[in-house]
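S.K.: So the sequence shown is residues -21 to -1, 1 to 128, counted in mature numbering (1 follows the signal peptide of the UniProt record, and there is no 0). Here it is: the structure, laid out below.
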Amino acid sequence: TMLLFTPAALFLCSGLVVVETLLTQEISVTRRAGQRASISCGGIDSCYSNTLVIWYQKRNTGTFERLLGIGTSDRRTFSFSHRQENDFSVEIQQNTCNLILRSSDVSHTASYYCSCYTYSSTFGPGTRLTVSGAALVPPVVHVYPAASL
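Following this line, the structure appears as structure tokens:
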């Protein structure tokens, strides 16, 4: 006798378990200097339990730098000695991890990525934070007399 299995049956019999982690982030956030900014990372309930959510900062010309982390179970914050880490905090509310910038500055303009870290990392799509200057300098207009021919 020959047994025929459907692909689904073969998958179930193989003992493989695949967990898809889908982290969501808003595409962009824009603030003026001095304003509070919050960047959210949704879907962290799809991360493994007892995992670490790590936030990364990536500037246009730089590499990914670890900024802050937080444990999904104990809510303990982890430092990675990033030069701007004291400007930020992290919190978890229900299924979302928030990166909070208390007072934004032009130097915070970058892309921010959340990540579930266990044995390997799953990254969110990233959020571009743009911080504009507090005061724009108005242009100076000079009026010169017309040249005579």
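All C-beta atoms, glycine included, are put in the ideal place defined by N, C-alpha and C.
1) Would you identify the three-state DSSP class for Val120, choosing helix, strand or coil?
2) Report the residue from Phe67, Ile6 and Cys76 whose alpha carbon sits nearest the alpha carbon of Asp24.
3) With a cut-off of 8 angstroms on the beta carbons, I'd call Tyr92 and Phe102 a contact; round off their distance for me.
4) Just curious, the beta strand (DSSP E) that Cys20 is in, first and last residue?
5) Measure the CB-CB distance between Arg10 and Ala89 and report whether it falls below 8 angstroms.
6) What's the gap between the Cα of Cys20 and the Cα of Ile6?
7) Is Ser60 helix, strand or coil by DSSP?
8) Grab me the residues of Ala125's own chain with a C-beta within less than 6 angstroms of its C-beta, minus the 5 sequence neighbours each way, in chain order.
9) With burial defined as no fewer than 16 other Cβ atoms inside 10 Å of the residue's Cβ, what is the status of Gln73: buried or exposed?
M.R.: With the given structure in hand:
1) Under the three-state reduction of DSSP, Val120 is assigned to coil, being neither helix nor strand.
2) If we check each option's Cα against that of Asp24, Cys76 comes out closest.
3) Correct: roughly 5 angstroms between the Cβ atoms.
4) Segment Ala16 to Gly21, the beta strand (DSSP E) holding Cys20.
5) No.
6) When rounded, the distance between both Cα atoms is 11 angstroms.
7) In the structure shown, Ser60 sits in coil (DSSP, three-state: anything other than H, G, I, E or B).
8) Around Ala125, the same chain offers no residue with a beta carbon nearer than 6 angstroms, after the five sequence neighbours per side are excluded.
9) Classification of Gln73: exposed, given that the 10 Å Cβ count is below 16.
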